[in-house]
Amino acid sequence: MEDIILYKQLGMATLCGLLVGMGRSWSRERLSQNTPARPGHPGRAEKSTKDIAEGWAGIRTFTLIGLFGGLAALVSLYTAQWVAGVLLATFILLMAVVYFRFASKRRDWGTTTLIAALITFALGILSFHIDLVVIASITALMVVILETKQWQHKTLTKIQASEFSAFLKLLVLAIILLPLLPNQGYGPGHVLNPQEIGLMVAIISAITFFGHFAIRIFGTRTGPLLMGVFGGLASSTALTVSAARIARHHPALSRALAGGISMAIAVMLLRTTILLSIISLPLMTALLPVFIGGIAASLILAVILYYLSPAPTTNNTAGPTLEISPPSDMATALEFGIILALVLLLSYYASHYFGDTGLYAVAVISGFVDVDAVTITAARMSGQLAPAHNLIQNINPFYISILLAITANNFTKLAISLTLGGRGIAKWVACIITVLITGMLLGHLLGHLLA
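Residue 706 in the numbering used here sits at position 400 of the sequence shown; the count goes up by one each step and never skips.
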């Protein structure tokens, strides 16, 4: 059994080198075919020669490098740990000789293949010490990085300075500031969690950033729909904030962005259905006809708004284009975080002073910002109730509380659209809510008749 494990580890080390070598060899062959050196084109001949020279290590060399790393680790297992270190130092020295040999002849000789060789050797050694799945993942990531060189350079040339600045701000917020926020409750009832509020601010900023590039890359029709799918998975309310911000600066996109909001509502209802099925299947079954009606209505309206939107344009298409401003302003996201904190406090006081009779008030107040909290609470409290058909017939408080939260949440979207985006997008959001409520009512009546 131990021998089989050793063979697997050594095989993984060799396979890592093989995959990297295949990628490098394939790139070199493609380059030599697509950009041949031709008389009268010294620039192209120079580029082709340079890139081929940088491909000094191909499929065989990289396969042997991976095997060498695996053998170094294997030898150290049966001798001493320092043997692997000596072999690693020897390999680094060998790579240094290769580098200076090529670099002395070509000052512009790149180091990418050299770094790839060192990583491949290190992966060969690590295949005997860490999970092979991790080794495979790192190898796949390295191959992708190596073989998407042209795409990376093309993408960088298209990114504006303001967009890169916005990306850095989002990175600082999500990776540096957010983990530093305390992950515990403060204030009355400990309902104010700084990290949860900060997470909502980060989600709004991320959705705005994603929506900006979705519109730039996929156009003014498809981009908002993709933005809606992403926003519906994270937070449909946050998506509405982001869409309204874009609509305020670009009124021509109001109809398409409203389609994205409609798509986000459909995804939100689907997400709520899945959440209920996990926590309380009877309550989910009771609400299923309502949700199906709402999802169908939202999807149909999203498709209609998609086709009613102006002809798709991007910053890269021919003809008149729409200049999309970068998502650098985070003030709206911060304001929404403050509003979220206030709503949480109101929800606590309504529950504290009115007890069970305040369930509906809590549902409405909480629904202004988030549907999931009400959904989880109602589902847990309904765990001991009667079968699903009785829930529909009795219209129990938990059934109503979830519907109230969803309704309040959608009217919040209307208020956000009107306040942040103006009448242009607000009128379409009002249409969405009307169609949504109609679809949910039809679903409720159908479920009641079939119960």
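All C-beta atoms in this analysis are idealised placements derived from N, C-alpha and C, irrespective of residue type, glycine included.
Per DSSP, cross-strand counterpart(s) of residue i
i, result
"Tyr313", "Partner(s): none; Tyr313 has no beta bridge."
"Leu498", "Tyr492"
Span of the alpha helix (DSSP H), counted from its first residue to its last, around residue i
i, result
"Thr418", "418-432"
"Leu545", "542-555"
"Gln458", "455-464"
"Pro588", "587-614"
"Ser707", "703-722"
"Ala472", "467-477"
"Ile739", "729-756"
Reduced DSSP secondary structure (H/G/I, E/B, other) of residue i
i, result
"Gln387", "helix"
"Gly364", "coil"
"Leu652", "helix"
"Asp437", "coil"
"Leu487", "coil"
"Ser672", "helix"
"Val677", "coil"
Residue i Cβ short of 7 Å to the ligand SAM heavy atom set
i, result
"Met401", "This structure simply doesn't include the ligand SAM, nor any ligand for that matter."
*Is the region 581-595 close to the region 547-563, with three or more CB pairs under 8 Å?*
no
*Three or more beta-carbon pairs under 8 Å between the region 391-409 and the region 456-469, yes or no?*
no
*If we count Cβ pairs, one from each stretch, closer than 8 Å, do we get three or more for the region 522-531 versus the region 708-717?*
no
_Would you call the region 308-318 in contact with the region 437-457, where contact means no fewer than 3 C-beta pairs closer than 8 Å?_
yes
_Contact the region 555-575 vs the region 721-734: 3+ CB pairs below 8 Å_ = yes
*Just checking, does the region 563-570 make contact with the region 604-618 on the three C-beta pairs under 8 Å criterion?*
yes
*Contact between the region 517-527 and the region 480-496 (3+ Cβ pairs under 8 Å)*: no
*For the region 537-544 and the region 572-579, state whether three or more C-beta atom pairs, one from each stretch, are separated by less than 8 Å.*
yes
*Can you list, in chain order, the stretches of the beta strand (DSSP E) that have 3 or more residues and sit fully within the region 499-528?*
none
*Can you find at least 3 beta carbon pairs, one from the region 380-398 and one from the region 443-456, that sit closer than 8 Å?*
no
*On the three-pair Cβ rule with 8 Å, is the region 747-757 touching the region 589-602?*
yes
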